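Asker: Per numbering that gives the first Met the number 0, the sequence shown starts with residue 0, numbered consecutively.
Mind looking over this structure? Questions follow.
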Amino acid sequence: MDFISILSIFVMACFVGYYVVWSVTPALHTPLMAVTNAISSVIVVGALVAAAAAGSPAAKWLGLVAVALASVNIFGGFAVTERMLAMYKKKDKGPAKANSGGSKH
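Now the structure itself:
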């Protein structure tokens, strides 16, 4: 494939991704993040396989960079997902205060 074809596919994928993410309802953002983390883990495995099969040292270094960047993406995705889920947890109000008055018997 020539450079223009690859660039065209990349630009179209960016537009499709943008419209897919922004058209998702807010209730589905957390599952979407989980699926994105799963896809990133597949990218790590693919980068490891590609780096292992690479013949030149430059290709192996690029494979290492791909593994590192995809790993950062995964860990960042899990951190963001955890923060999103924390927003839905009920907050503790601390220990219950005792009645400040006489007891009612």
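Where is the CB? At the ideal position from N, CA and C, for every residue including glycine.
All of these numbers come straight from a predicted model, not from anything done at the bench.
1. Quick check on DSSP: helix, strand or coil for residue 58?
2. Can you find at least 3 beta carbon pairs, one from the region 0-15 and one from the region 25-42, that sit closer than 8 Å?
3. Drop a sphere of 10 angstroms on the beta-carbon of residue 12, count the other beta-carbons inside from all chains shown, and report buried for 16 or more, exposed for fewer.
4. CA-CA distance, residue 70 and residue 42?
5. Taking just the CA atoms, how far does residue 72 sit from residue 48?
6. What's the gap between the Cα of residue 53 and the Cα of residue 44?
7. If we ignore side chains and look at the alpha-carbon of each, how far apart do residue 62 and residue 55 end up?
8. For residue 46, does the count of other Cβ atoms within 10 angstroms reach 16, so buried, or fall short, so exposed?
Answerer: Judging by the given coordinates:
1. In the three-state reduction of the DSSP assignment, residue 58 falls in the helix class.
2. The region 0-15 and the region 25-42 do not touch, with fewer than 3 CB-CB distances between them shorter than 8 Å.
3. Looking at its Cβ environment, which holds fewer than 16 other Cβ atoms inside 10 Å, residue 12 is exposed.
4. Cα to Cα, residue 70 sits roughly 9 Å from residue 42.
5. When only Cα atoms are considered, residue 48 and residue 72 end up about 18 Å apart.
6. Going from the Cα of residue 53 to the Cα of residue 44 covers about 14 Å.
7. Separation of residue 62 and residue 55 (C-alpha to C-alpha, rounded to the nearest whole angstrom) is 11 Å.
8. With a 10 Å radius around the Cβ and a threshold of 16 neighbouring Cβ atoms, residue 46 comes out buried.
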